[in-house]
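Chemist: Read in order, the letters of the sequence shown correspond to residues -23 to -1, 1 to 348 in mature numbering (1 follows the signal peptide of the UniProt record, and there is no 0).
Cβ atoms here follow ideal geometry from the backbone N, Cα and C, with glycine treated the same way.
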Amino acid sequence: MDGAVLWRCSVFLLLSALGRRNASRFVFTRQQRRFNSSSICCCSEKGNGPSLVVVGGGAAGVYASVRAKEVAPHLNVLVIEKGKLLSKVRISGGGRCNLTNGNYLEKQGLAGNYPRGNKELQGSYFNIHGPQDTMNWFSSHGVDLKQKAVEITLPKVKAKLKLDNICKTLPEYTQMGAMLVTHWGLTGPVVLRLSAWGARDLFFSEYKGNLYVDLVPDVHIEDVKDSLVQHRHHLANQKLYSSFPAEFGLVKRFWRYLLDREGLDGDQLWASLSNKSVNSIGLLLKQCSFRIAGKGQFKDEFVTAGGVPLSEISLRTMESRIQPKLFFAGEVLNIDGITGGFNFQNAWTGGYIAGTCIGELASSYNKVEAL
Ligand SMILES: Cc1cc2nc3c(=O)[nH]c(=O)nc-3n(C[C@H](O)[C@H](O)[C@H](O)COP(=O)(O)OP(=O)(O)OC[C@H]3O[C@@H](n4cnc5c(N)ncnc54)[C@H](O)[C@@H]3O)c2cc1C
């Protein structure tokens, strides 16, 4: 790293890497330069022009760098990256990178997909550079995009999160969507959304609570019981394990799990199912509770909640309100989205705004110097 580059009079610093918790108090002095950089990408031209130093060569940092250089081609740009450039872009979506969400090309409601940031991002933020702009940008830079409608073939459930010691009944803590049962727990869109919205409260409750799942949200409890009674009537000679009303949309293994939970012998015939059991199966289908025992052990979170408070930066420029010429973009900010391309969109938008502002400032310095 050419340390001298950092100290010319017109140096902009963009932080796009998650570092110390107190990143907003970042004071950049010679003594405090503690970058653990194993890969530095530099596209600077020799000379005394203005310089931009970008810490973190992820989505936000690289997008901002390219944008700044587009606006101010004479700008010296240095990207400091401790690992591999754009590593998350490469691995996301199983290598296909869900870089934005095509359902929000008109931007209405887009901010509502950010558990941290939903209020602040309602303003001009996505109007400056939204999903459609992102798609245009990538297409115009030679990246072939495919818009894929997410086909939800899985039945939907309604899941409600209730955490220990936290008395909140926020609408966000009730979600509808597909749920997947794996050998290590529950996942799928509905669970990921609940953990995104509940991230802070989950932390404060030490990841302890209950999840109440309505497995047949579109069917009234009385109709659920009625379906069970009809099934008992029509398939009286079948074993409980081997069949169940198709309208419940369950897989056989999960049906067996429910019967086991009810303490029912799956080998017994439907004909022998008591009315009491019909009621209790019906109730279980409408409110199946699961204990949340702790945090996942695999460190497979997609995004970090927390970061530089949005009150400390201007979202029109991404510049720090505390330290001039210091910019932030991406996950280093207290912004995180639910899954579905929203986190990358935040990185592109923040990077674009910061890059534009830095490029314009660099150009204005040039004009002043030329006078
Ligand atoms: C497995 C996985 C899949 C994902 N899939 C999706 C998806 O499909 N859609 C979506 O929208 N989002 C997805 N995300 C989230 C998305 O990748 C991030 O929100 C996005 O990359 C954030 O961009 P960023 O530039 O802010 O941070 P990052 O991409 O994390 O970039 C920050 C960079 O800074 C570097 N760095 C950190 N500290 C230092 C330091 N001290 N010095 C120098 N460099 C440093 C890091 O090595 C990193 O390269 C996924 C995340 C993961 C982990």
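Let me check understanding here. Comparing Cα to Cα, which of Gln124, Val54 and Leu55 lies closest to Thr77?
Modeler: Stepping through the sequence shown from its first residue, residue 77 is reached at position 100. Measuring from the Cα of Thr77, the nearest candidate turns out to be Gln124.
Chemist: Just the C-alpha distance for Tyr342 and Ile335, rounded to the nearest angstrom, thanks.
Modeler: Counting from one through the sequence shown, the residue named residue 342 turns up at place 365. Counting from one through the sequence shown, the residue named residue 335 turns up at place 358. Each residue's Cα considered, the two are about 10 Å apart.
Chemist: Ignore the nearest five residues each way along the sequence and tell me which others in Pro166's own chain have a CB closer than 6 Å to its CB.
Modeler: Numbered from its first residue, the sequence shown carries residue 166 at position 189. Around Pro166: Gly154 and Ala155.
Chemist: With a CB to CB cut of under 6 Å and the five nearest residues on each side skipped, what residues in its chain are close to Val228?
Modeler: Counting from one through the sequence shown, the residue named residue 228 turns up at place 251. For Val228, where only same-chain residues beyond five positions count, there are no Cβ hits under 6 Å.
Chemist: Per DSSP, what kind of secondary structure is Arg298 in: helix, strand or coil?
Modeler: Indexing the sequence shown from 1 puts residue 298 at position 321. Looking at Arg298 - three-state DSSP - the assignment turns out to be coil, as it is neither helix nor strand.
Chemist: Roughly how many whole angstroms lie between the Cα atoms of Leu241 and Phe180?
Modeler: The count along the sequence shown starts at 1 and reaches residue 241 at position 264. The count along the sequence shown starts at 1 and reaches residue 180 at position 203. Computed Cα separation, rounded: 37 Å.
Chemist: With a threshold of 8 Å on Cβ separation, who are the neighbours of Leu217 within its own chain once the five nearest residues in sequence on each side are excluded?
Modeler: As a working mapping, residue 217 is identified with position 240 in the sequence shown. For Leu217, where only same-chain residues beyond five positions count, the Cβ hits under 8 Å are Leu236, Leu241, Asp242, Gly243, Asp244, Gln245, Leu246, Trp247 and Leu250.
Chemist: Whole beta strand (DSSP E) runs in the stretch 140 to 205 with 3 or more residues, listed along the chain?
Modeler: Segments of the beta strand (DSSP E) lying fully in the stretch 140 to 205: 151 to 155, 157 to 159, 162 to 164 and 186 to 191.
Chemist: Apart from the five residues just before and just after Ser291, which ones in its own chain have a Cβ nearer than 7 Å to its Cβ?
Modeler: Within the sequence shown, numbered from 1, the residue matching residue 291 stands at position 314. Only Arg298 meet the Cβ criterion.
Chemist: Assign Ser172 to one of two classes, buried (16 or more other C-beta atoms within 10 Å of its C-beta) or exposed (fewer than that).
Modeler: Here residue 172 is taken as the residue at index 195 of the sequence shown, counted from 1. Its Cβ being crowded by 16 or more others within 10 Å, Ser172 is buried.
Chemist: So which of Asn90, Cys74, Gly72 and Gly71 has the shortest CA-CA distance to Asn80?
Modeler: Your numbering for residue 80 matches position 103 in the sequence shown. Closest option to Asn80, Cα to Cα, is Asn90.
Chemist: Rounding to the nearest angstrom, what Cα-Cα distance links Ala339 and Leu(-11) in this structure?
Modeler: Mapped onto the sequence shown, residue 339 falls at position 362. Mapped onto the sequence shown, residue -11 falls at position 13. Spanning the two alpha carbons is a distance of roughly 12 Å.
Chemist: For Gln152, which residues of its own chain have a beta-carbon under 7 Å away from its beta-carbon, when the five flanking residues on both sides are left out?
Modeler: Residue mapping note: residue 152 aligns to position 175 of the sequence shown, counting from 1. Only Ala136, Val167, Arg170 and Leu171 meet the Cβ criterion.
Chemist: Which same chain residues end up closer than 7 Å to Trp174 when comparing Cβ atoms and leaving out the 5 residues on each side of it in sequence?
Modeler: Counting from one through the sequence shown, the residue named residue 174 turns up at place 197. The answer, listed in chain order, is Pro92, Glu149 and Tyr150.
Chemist: Using the three-state DSSP reduction, which class does Lys61 fall into: helix, strand or coil?
Modeler: Translated into the one-based positions of the sequence shown, residue 61 becomes position 84. Three-state result, Lys61: coil.
Chemist: Taking only three categories from DSSP, how would you classify Ser257?
Modeler: Within the sequence shown, the letter at position 280 stands for residue 257. Helix, per DSSP.
Chemist: Going by C-alpha to C-alpha distance, which of Gln322, Thr333, Gly327 and Gly328 sits closest to Gln109?
Modeler: The residue given as residue 109 occupies position 132 in the sequence shown. When each option's Cα is compared against that of Gln109, the closest is Gln322.
Chemist: According to DSSP, which residues form a beta bridge with Arg293?
Modeler: Start at 1 with the first residue of the sequence shown, and residue 293 comes out as number 316. Beta-bridge pairing links Arg293 to no other residue.
Chemist: Could you work out which residue in His118, Val32, Gly26 and Gly100 is closest to Ala49 when comparing CA atoms only?
Modeler: Position 72 of the sequence shown, counting from 1, holds the residue named residue 49. Closest by alpha carbon: Gly26.
Chemist: Suppose you measure from the CA of Val32 to the CA of Val43; what does that come to, to the nearest Å?
Modeler: Position 55 of the sequence shown, counted from the start, is the residue given in the question as residue 32. Position 66 of the sequence shown, counted from the start, is the residue given in the question as residue 43. If I take the Cα positions, the gap works out to 14 Å.
Chemist: So the alpha helix (DSSP H) Arg238 belongs to, where does it begin and stop?
Modeler: Taking the first residue of the sequence shown as position 1, residue 238 is located at position 261. Unbroken alpha helix (DSSP H) run through Arg238: Lys229 to Arg238.
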